Amino acid sequence: MLVAAALVAVGICVCDSPAVANIVPERVSSGAFDRVYDPSDELRNWYVNDHSFVFDESDATWHLFGITHTEFAAPYGETTIGHATAKQLGGPWTTQPPVLRADPAYGRPYGETHLWAPHIVSEGGVYYMFYSGGAPLGSRSAISLATSTDLVNWTRDPDGPLFRDGWDARDPMVTRVGDQWVVYYTATSTPVGGSHIVAYRTSADLRHWSERRTAFTDPGPVGFGGGPTESPFVVQHGNLWYLFIGPRGGYVGTDIFYSDNPWHFDNSARAGHIDAHAAEVVADGDRYLVSSAGWGQGGLSLAPLVWHTA
Numbered sequence: 050m051l052v053a054a055a056l057v058a059v060g061i062c063v064c065d066s067p068a069v070a071n072i073v074p075e076r077v078s079s080g081a082f083d084r085v086y087d088p089s090d091e092l093r094n095w096y097v098n099d100h101s102f103v104f105d106e107s108d109a110t111w112h113l114f115g116i117t118h119t120e121f122a123a124p125y126g127e128t129t130i131g132h133a134t135a136k137q138l139g140g141p142w143t144t145q146p147p148v149l150r151a152d153p154a155y156g157r158p159y160g161e162t163h164l165w166a167p168h169i170v171s172e173g174g175v176y177y178m179f180y181s182g183g184a185p186l187g188s189r190s191a192i193s194l195a196t197s198t199d200l201v202n203w204t205r206d207p208d209g210p211l212f213r214d215g216w217d218a219r220d221p222m223v224t225r226v227g228d229q230w231v232v233y234y235t236a237t238s239t240p241v242g243g244s245h246i247v248a249y250r251t252s253a254d255l256r257h258w259s260e261r262r263t264a265f266t267d268p269g270p271v272g273f274g275g276g277p278t279e280s281p282f283v284v285q286h287g288n289l290w291y292l293f294i295g296p297r298g299g300y301v302g303t304d305i306f307y308s309d310n311p312w313h314f315d316n317s318a319r320a321g322h323i324d325a326h327a328a329e330v331v332a333d334g335d336r337y338l339v340s341s342a343g344w345g346q347g348g349l350s351l352a353p354l355v356w357h358t359a
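Under the working numbering, the first residue of the sequence shown is numbered 50, with each subsequent residue one higher.
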């Protein structure tokens, strides 16, 4: 396996489970959160929930894409992907027209009832937006793809959703590991519910994905839909990998777990807790920031992400 070879080359274990007893992780915390974007207008209050940041180097502009809706929470009424732009992450942010709307035509490939949790990466001059397309039954929820060359005009993949998995497969996050792409997402262990998990799949081209594997299983109660493995975000820092998931310890709560490989995280290997919802980690120059958003949060906030030597 080429990914395994690449990780071994840099001294990272690719075993099936982390040797947590032999790892000395950095502890992870945050500074104070500052609200940087409120999508509300003069008539209505709006919220931002799961979201993604993209920097367009061609005109040095940050783009924010995310779940958006008027307050109060209406998750199954979230039918558009919101868009905002700024020259700096700290703002000011300008609300732009939505970039994607749910396709409810059930006779066509998508049949979306709602749109959730976009995540965007770029490759070869093309932007790839992975998002959650809801369906009347959670077992039919899909991870889908739209592409763009300008971050404004987006086209769904004509072949339909990339895959369906578990109950409410959603909250995709895509990153590189070695010479492959990896998509992490939340699901349940079976299509009719079960343990809340962080699943992952790998790809060479961002369109064709492997079968599901499991990176994290929450030991708590089984269930359907949302749970404590939402909004997974995986980042490498030093020789370790860190998984951010939530809500944990309350709606505004994210736990961070560490591992010596990106394929398996253990519930006992916790590196910290941050008071954030739908947390995303974003690099801005040589600093890391972590975001927080969600229902009733007044928009989106950012805080410095702090790594402490244990």
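Beta carbons are placed, not taken as given, at the ideal position from N, Cα and C, and that holds for glycine. Predicted, not measured: the structure shown is a model, and the values here were computed from it.
Reduced DSSP category for residue i - H, G, I as helix; E, B as strand; rest coil
i	result
Y125	helix
R189	helix
V170	strand
V301	coil
V148	strand
N98	strand
Y159	coil
T293	The sequence given here has Phe at residue 293, not Thr. If DSSP states are grouped into helix, strand and coil, F293 belongs with the strands.
W216	coil
T278	coil
G183	coil
I72	coil
L349	strand
A133	strand
F273	coil
F314	coil
P268	coil
A195	strand
L255	coil
P210	coil
A25	Nothing in the structure corresponds to residue 25, since the chain is present only between 50 and 359.
W379	It is not possible to answer for residue 379, since the shown part of the chain is limited to 50 through 359.
V241	coil
R262	strand
Straight-line Cα distance separating residue j from residue i
i	j	result
A318	R93	42 Å
Q137	D105	12 Å
D220	V232	10 Å
W95	P146	14 Å
T129	I72	43 Å
T143	S350	15 Å
W230	M222	10 Å
R225	W312	13 Å
S181	G80	30 Å
F293	S107	30 Å
E75	P296	22 Å
V57	E329	Any reading at V57 must be qualified, since the residue scores a pLDDT of 29, below 50, and its modelled position is unreliable; the value itself is stated next. The straight-line gap from Cα to Cα measures roughly 28 Å.
T251	A264	12 Å
N316	V247	12 Å
E334	V283	As written in the sequence, residue 334 is Gly, which differs from the Glu given in the question. Cα to Cα, the separation comes out at about 19 Å.
L164	S188	15 Å
D309	E91	49 Å
E127	L149	11 Å
T198	R213	26 Å
L194	D206	6 Å
G298	R261	28 Å
S78	H322	6 Å
G347	G140	15 Å
I343	G174	The residue asked about is misnamed: residue 343 is Gly in this sequence, not Ile. Going by the C-alpha atoms only, they are around 31 Å apart.
Y125	F306	30 Å
T31	N288	Residue 31 lies beyond the stretch modelled for the chain, which goes from 50 to 359, so this question has no answer here.
I192	Y249	12 Å
S101	G276	20 Å
T110	P270	43 Å
T134	A154	30 Å
A236	H326	18 Å
V201	F179	15 Å
D152	P158	9 Å
A320	T278	16 Å
H286	V331	13 Å
E280	D304	Glu is not the amino acid found at residue 280; the sequence shown has Ser there. Those two C-alpha atoms are separated by around 11 Å.
Exposure of residue i, with buried meaning 16 or more beta-carbon neighbours within 10 Å
i	result
T204	exposed
P268	exposed
Y291	buried
P88	buried
D99	buried
A352	buried
D228	exposed
Inter-residue CB distance, residue i and residue j (contact presumed, cutoff 8 Å)
i	j	result
V355	D324	The Cβ separation is near 13 Å, so there is no contact.
V97	G131	7 Å
Y176	T196	7 Å
G209	A184	In fact, because the Cβ distance is near 12 Å, the residues do not count as touching under 8 Å.
S244	D217	With 8 Å as the limit, S244 and D217 do not qualify as a contact, their Cβ atoms being about 14 Å apart.
Min CB distance residue i to chain B below 8 Å
i	result
A328	This model lacks chain B altogether, as it is built from one protein chain only.
Residue i: CB within 7 Å of a non-hydrogen atom of the ligand FMN
i	result
R189	With respect to small molecules bound, the structure shown includes none, and the ligand FMN cannot be examined in it.
Original post:
Touching or not, the region 153-173 and the region 108-120, by the rule of three or more beta carbon pairs under 8 Å?
Top reply: With a cut-off of 8 Å, the region 108-120 and the region 153-173 count as touching, because enough Cβ pairs lie within range.
Original post:
Is the region 334-350 close to the region 253-265, with three or more CB pairs under 8 Å?
Top reply: Between the region 334-350 and the region 253-265 there are fewer than three inter-stretch CB-CB distances shorter than 8 Å, so the stretches are not counted as touching.
**OP:** Take every Cβ of the region 117-124, pair it with every Cβ of the region 230-249, and state whether three or more of those distances are shorter than 8 Å.
**Re:** They do not touch, by the three-pair rule.
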